[in-house]
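Peer 1: Here it is, the structure, as structure tokens.
4 protein chains.
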Amino acid sequence: MPEGRRGAVRSTAAHTAVLRAAAELVERVGFERMTIEGIAQAAGVGKQTIYRWWSSKSAIVAEALFEGVLFPESFLTADTGDIAADLTTWLESVFRYLRDPAHAGLLVSLIGGAVADAEIGLRLTERLGAAPSSLLLRLEQAAADGRLAGDPRIVADALIGVIVMRILTRAPVPDADAAALVALVLGAGSGRPTY
Amino acid sequence: MPEGRRGAVRSTAAHTAVLRAAAELVERVGFERMTIEGIAQAAGVGKQTIYRWWSSKSAIVAEALFEGVLFPESFLTADTGDIAADLTTWLESVFRYLRDPAHAGLLVSLIGGAVADAEIGLRLTERLGAAPSSLLLRLEQAAADGRLAGDPRIVADALIGVIVMRILTRAPVPDADAAALVALVLGAGSGRPTY
Amino acid sequence: MPEGRRGAVRSTAAHTAVLRAAAELVERVGFERMTIEGIAQAAGVGKQTIYRWWSSKSAIVAEALFEGVLFPESFLTADTGDIAADLTTWLESVFRYLRDPAHAGLLVSLIGGAVADAEIGLRLTERLGAAPSSLLLRLEQAAADGRLAGDPRIVADALIGVIVMRILTRAPVPDADAAALVALVLGAGSGRPTY
Amino acid sequence: MPEGRRGAVRSTAAHTAVLRAAAELVERVGFERMTIEGIAQAAGVGKQTIYRWWSSKSAIVAEALFEGVLFPESFLTADTGDIAADLTTWLESVFRYLRDPAHAGLLVSLIGGAVADAEIGLRLTERLGAAPSSLLLRLEQAAADGRLAGDPRIVADALIGVIVMRILTRAPVPDADAAALVALVLGAGSGRPTY
DNA sequence: TGATAATCGAGACGGTACGTCCTGTCTTTCA
DNA sequence: TGAAAGACAGGACGTACCGTCTCGATTATCA
Numbered sequence: 001m002p003e004g005r006r007g008a009v010r011s012t013a014a015h016t017a018v019l020r021a022a023a024e025l026v027e028r029v030g031f032e033r034m035t036i037e038g039i040a041q042a043a044g045v046g047k048q049t050i051y052r053w054w055s056s057k058s059a060i061v062a063e064a065l066f067e068g069v070l071f072p073e074s075f076l077t078a079d080t081g082d083i084a085a086d087l088t089t090w091l092e093s094v095f096r097y098l099r100d101p102a103h104a105g106l107l108v109s110l111i112g113g114a115v116a117d118a119e120i121g122l123r124l125t126e127r128l129g130a131a132p133s134s135l136l137l138r139l140e141q142a143a144a145d146g147r148l149a150g151d152p153r154i155v156a157d158a159l160i161g162v163i164v165m166r167i168l169t170r171a172p173v174p175d176a177d178a179a180a181l182v183a184l185v186l187g188a189g190s191g192r193p194t195y
Numbered sequence: 001m002p003e004g005r006r007g008a009v010r011s012t013a014a015h016t017a018v019l020r021a022a023a024e025l026v027e028r029v030g031f032e033r034m035t036i037e038g039i040a041q042a043a044g045v046g047k048q049t050i051y052r053w054w055s056s057k058s059a060i061v062a063e064a065l066f067e068g069v070l071f072p073e074s075f076l077t078a079d080t081g082d083i084a085a086d087l088t089t090w091l092e093s094v095f096r097y098l099r100d101p102a103h104a105g106l107l108v109s110l111i112g113g114a115v116a117d118a119e120i121g122l123r124l125t126e127r128l129g130a131a132p133s134s135l136l137l138r139l140e141q142a143a144a145d146g147r148l149a150g151d152p153r154i155v156a157d158a159l160i161g162v163i164v165m166r167i168l169t170r171a172p173v174p175d176a177d178a179a180a181l182v183a184l185v186l187g188a189g190s191g192r193p194t195y
Numbered sequence: 001m002p003e004g005r006r007g008a009v010r011s012t013a014a015h016t017a018v019l020r021a022a023a024e025l026v027e028r029v030g031f032e033r034m035t036i037e038g039i040a041q042a043a044g045v046g047k048q049t050i051y052r053w054w055s056s057k058s059a060i061v062a063e064a065l066f067e068g069v070l071f072p073e074s075f076l077t078a079d080t081g082d083i084a085a086d087l088t089t090w091l092e093s094v095f096r097y098l099r100d101p102a103h104a105g106l107l108v109s110l111i112g113g114a115v116a117d118a119e120i121g122l123r124l125t126e127r128l129g130a131a132p133s134s135l136l137l138r139l140e141q142a143a144a145d146g147r148l149a150g151d152p153r154i155v156a157d158a159l160i161g162v163i164v165m166r167i168l169t170r171a172p173v174p175d176a177d178a179a180a181l182v183a184l185v186l187g188a189g190s191g192r193p194t195y
Numbered sequence: 001m002p003e004g005r006r007g008a009v010r011s012t013a014a015h016t017a018v019l020r021a022a023a024e025l026v027e028r029v030g031f032e033r034m035t036i037e038g039i040a041q042a043a044g045v046g047k048q049t050i051y052r053w054w055s056s057k058s059a060i061v062a063e064a065l066f067e068g069v070l071f072p073e074s075f076l077t078a079d080t081g082d083i084a085a086d087l088t089t090w091l092e093s094v095f096r097y098l099r100d101p102a103h104a105g106l107l108v109s110l111i112g113g114a115v116a117d118a119e120i121g122l123r124l125t126e127r128l129g130a131a132p133s134s135l136l137l138r139l140e141q142a143a144a145d146g147r148l149a150g151d152p153r154i155v156a157d158a159l160i161g162v163i164v165m166r167i168l169t170r171a172p173v174p175d176a177d178a179a180a181l182v183a184l185v186l187g188a189g190s191g192r193p194t195y
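Laid out in structure tokens, this is it:
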């Protein structure tokens, strides 16, 4: 028998309604313009119910990200054995996604969330590199196999970092940059053209 | 005689007082917690004076960054001819700066500003890569000389991107990562061991 | 030249709109159910404008009473020289007013206001005894002329006190009680039969 | 053992705990600042238990008054046969009680309760005139004996009314006013000085 | 040299959202 | 199975800022 707790239990309906409403609002109006009051109203929930379970709107967004309610895209591709090809395919699909201004706006917004709450940054990184951290896992596997010259963690930061920089500065993300970036971080040994 | 303009002229005292107060407040309370009203009060200036000359608090911060009133650090090092050594020295000094939690907090805050206003992102990038865009210039010079295998713009994004990722996720910035990152983006062709 | 004051001046439009809205709301929903937010909305005014000038909703009601915006009835009658007759006429008109349940409700409500703020009690007493305290003045005049046996202040309290008791206990106020009460407080010496 | 009933039985302990907690809270924070939640917590009782038995906080206070849990003072004096002396003694003891600001505050608060619920007014009147309505009984007895010139109900209202007025307006209650008021309402026939 | 026009500090204005508190109802667990 | 504990939707509280506006005073130009 678990801990002797009395009283009503957390309402899952309210819980998911809040996450869903938050996700919908981040996409529609952005992280900074979204309000707790707006979430409560959209979710049909009392404000106190939100404050009871989350400490801030960033905490809600972090959980929505983690639960895949918000930003449920998966950019991960199959493992073909060719790490360079796989990373390029992945980057290209991320770039393609970002070319939609609405998507770019959502990600700018989520970086704003990451400023307020580091966990949002982690969750966002996971989402970009595909859920549970597979980008890093694949890179570590490649490093273990000798197919990767650099530290997997730094390579991952460089890849995601370029994406984030392009998001933050609203810079274009041409497909050509995907292959070029992969070539850069995989090093000459991986057979990249010098172009 | 040009445009016939009558009346009092813009007060430079008020102008610089606002920039100074904004800089002080970003450092003390952070971008998001800083308010226009707070800036006005700290600067001893009417709110209307601020709204007359700036459109938002991000515009004030962008100008403060541009004018060097806020975040006046310079990380640029002399050009020794060894691009790898120079980049490593630069990265190490940025990393050293970030190890102070107050500095890291300031930069997190400024990324928050970049979310609100892309220009803050540009100004911040310039500050990190040293004023007027010298990081990019140096990389372009190196590319022109054949000392750089990748696209200078992508290399710059990767370098700054890693810094931004570490700031956003509040991850540690060990000195060793500086050399490793430089080796990564310069590639084996630059004559550095990949450690 | 008066005190050197800078900045915009208090808006009389907002001021009177608040008093009017408060008066309307006390009558419609009662003192306790009336909210500051409701007043602000009905007056088309920001909440802060209310809090800037009044410390509580009772302060607003007290001022509305004082200014005659709320409860502007005047029960005072002409001075015929016959204090007993005048007081009886006055009491009868107050009783007649109270027989309307809406009026009785308003007065119960205002007594609730008096509980929160003694000034409301004073203003209310003035209103009941007719503006500027004429009940007391008439009684003092009568006492000076030897037409009143008791302390005018106590006589006034007894008269108003009976009214307040009937309001508080929602007891009926038959016209006959008016003459009886006047006879009681004026005493046999005033030439009226004690019925 | 009576009827074979299982489970917990209606708790009288909870009942009295609620009344006691309510009494304690009215005295400590006042009627309007006291909350149902606060009573429940102070009584160690669930909120639902309160709502099951009482319809509002005024109902609780009314019952606490009726049961003598709250405001258990007794101002009644012995019947010496001299109605004027007895009433004066009684009024003086009420006035003495009111001179303690804490007591005056409690009574202001209870008048606030009477505004919310007329029954509180009745119970309060009874308490002031001593438990079960003895003030009125004594006056009726005096009237029957020809010792009272006025309608006993009006006399009672005038006596209590003056007390209530002094409470509501926070006016002083000098001992001298006791005799004067009694003289006023008993009329010249009772041998009062004309002063 | 006065009228005109723009600036300045100050601060009131209508609003929106904050985070807290309480209401009255409903739900779960314990004794 | 009654009562505690406590979650729920709702709504008002008093505060903090927003961006606009108005005020009286202070410059600067133009006629």
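Residue numbers (our numbering), protein chains in the order written: chain A, 1 to 195; chain B, 1 to 195; chain C, 1 to 195; chain D, 1 to 195.
Glycine residues also receive a C-beta, built at the ideal position from the N, C-alpha and C atoms.
Given the structure is predicted, the values throughout are model-derived calculations rather than measurements.
For the 8 Å Cβ check, are there 3 or more pairs between the region 83 to 93 of chain A and the region 19 to 36 of chain A?
Peer 2: No, the region 83 to 93 of chain A is not in contact with the region 19 to 36 of chain A.
Peer 1: Ignoring anything shorter than 4 residues or poking outside the region 50 to 113 of chain D, list the alpha helix (DSSP H) runs there in chain order.
Peer 2: 57 to 66, 83 to 98
Peer 1: With a threshold of 7 Å between beta-carbons, can ASP145 (chain A) be considered close to chain B, or not?
Peer 2: So no, ASP145 (chain A) is outside the interface.
Peer 1: Kindly say whether ALA179 (chain D), judged by its beta-carbon, lies nearer than 7 Å to any beta-carbon of chain C.
Peer 2: no
Peer 1: DSSP on GLY146 (chain D), reduced to helix/strand/coil?
Peer 2: coil
Peer 1: Specify the secondary structure class of SER134 (chain A) as computed by DSSP and reduced to three states.
Peer 2: helix
Peer 1: Residues of chain D with CB closer than 8 Å to the CB of THR169 (chain C), please, in chain order.
Peer 2: Listed by position along chain D, the residues whose Cβ is nearer than 8 Å to that of THR169 (chain C) are ALA114, ALA118, GLY121, LEU122, THR125.
Peer 1: Residues of the region 67 to 78 of chain A in Cβ contact with chain B at a cutoff of 9 Å, in chain order, please.
Peer 2: none
Peer 1: With 16 as the cutoff for other CB atoms within 10 Å, does LYS57 (chain C) come out buried or exposed?
Peer 2: By the Cβ neighbour-count rule, LYS57 (chain C) is buried, with 16 or more other Cβ atoms within 10 Å of its own.
Peer 1: Please state if the CB of GLU92 (chain B) and the CB of ASP145 (chain B) are separated by a distance shorter than 7 Å.
Peer 2: no
Peer 1: Alpha carbon to alpha carbon, how far is ALA178 (chain A) from VAL185 (chain A)? Give it in angstroms, no decimals.
Peer 2: 11 Å
Peer 1: Is the region 102 to 114 of chain A in contact with the region 12 to 19 of chain B, if contact means three or more CB pairs nearer than 8 Å?
Peer 2: Too few Cβ pairs lie closer than 8 Å, so no.
Peer 1: Which class does GLY187 (chain B) belong to by DSSP, given the choice of helix, strand or coil?
Peer 2: If DSSP states are grouped into helix, strand and coil, GLY187 (chain B) belongs with coil.
Peer 1: Can you tell which of D:SER74, D:VAL45, D:PRO172, D:LEU136 has its C-alpha closest to the C-alpha of ALA158 (chain D)?
Peer 2: D:LEU136
Peer 1: What number of angstroms, rounded off, separates the C-alpha of ARG166 (chain D) from the C-alpha of VAL173 (chain D)?
Peer 2: 7 Å
Peer 1: Would you check if the distance between the CB atom of LEU70 (chain B) and the CB atom of SER134 (chain B) is smaller than 7 Å?
Peer 2: Cβ atoms of LEU70 (chain B) and SER134 (chain B): not closer than 7 Å.
Peer 1: Of the residues that make up the region 150 to 166 of chain B, which ones have a beta carbon closer than 9 Å to any beta carbon in chain A?
Peer 2: GLY150, ASP151, ARG153, ILE154, VAL155, ALA156, ASP157, ALA158, LEU159, ILE160, GLY161, VAL162, ILE163, VAL164, MET165, ARG166
Peer 1: Can VAL182 (chain B) and GLY161 (chain A) be called in contact, C-beta distance under 7 Å?
Peer 2: no
Peer 1: Would you tell me roughly how many angstroms separate the C-alpha atoms of THR35 (chain B) and VAL108 (chain A), rounded to the nearest one?
Peer 2: 22 Å
Peer 1: Considering only C-alpha positions, which residue in the set C:GLU63, C:TRP54, C:ALA78 is nearest to THR89 (chain C)?
Peer 2: C:ALA78
Peer 1: By the 10 Å Cβ neighbour count, where 16 or more other Cβ atoms means buried, how is GLU63 (chain B) classified, buried or exposed?
Peer 2: buried
Peer 1: List, in chain order, every chain D residue whose beta-carbon is nearer than 8 Å to that of VAL108 (chain C).
Peer 2: Per Cβ cutoff of 8 Å: VAL115.
Peer 1: Would you report the Cα separation of LEU106 (chain C) and SER11 (chain D), rounded to the nearest angstrom?
Peer 2: Take the alpha-carbon of LEU106 (chain C) and the one of SER11 (chain D): they are about 40 Å apart.
Peer 1: Would you identify the three-state DSSP class for ARG127 (chain C), choosing helix, strand or coil?
Peer 2: helix
Peer 1: Let's see if you can read the secondary structure: which residues bound the alpha helix (DSSP H) around THR169 (chain A)?
Peer 2: From DSSP, THR169 (chain A) is part of no alpha helix (DSSP H); its letter is neither H nor E.
Peer 1: What three-state label does DSSP hand GLY7 (chain A) in the structure shown?
Peer 2: coil
Peer 1: Classify ARG196 (chain A): buried if its beta carbon has 16 or more other beta carbons within 10 angstroms, exposed otherwise.
Peer 2: Here chain A covers residues 1 to 195 and nothing more, so residue 196 (chain A) does not appear.
Peer 1: Rounded to whole angstroms, what's the CA-CA distance from ARG147 (chain B) to LYS47 (chain A)? Just pull it up for me.
Peer 2: 59 Å
Peer 1: With DSSP collapsed to three states, give me the class of ALA13 (chain D).
Peer 2: helix
Peer 1: Thinking C-beta only, is LEU110 (chain C) closer than 7 Å to LEU124 (chain C)?
Peer 2: yes
Peer 1: With DSSP collapsed to three states, give me the class of ARG33 (chain A).
Peer 2: coil
Peer 1: For ALA143 (chain D) and ILE60 (chain C), what's the separation of their Cα atoms in angstroms?
Peer 2: 45 Å
Peer 1: What residues of chain B sit near GLU37 (chain A), judged by a beta carbon separation below 8 Å?
Peer 2: Ordered by position in chain B, no residue passes the 8 Å Cβ test against GLU37 (chain A), which lies about 18 Å from the chain.
Peer 1: Buried or exposed for THR169 (chain D), going by 16 or more other Cβ atoms inside 10 Å?
Peer 2: buried
Peer 1: Ignore the nearest five residues each way along the sequence and tell me which others in TRP54 (chain A)'s own chain have a CB closer than 6 Å to its CB.
Peer 2: ILE60
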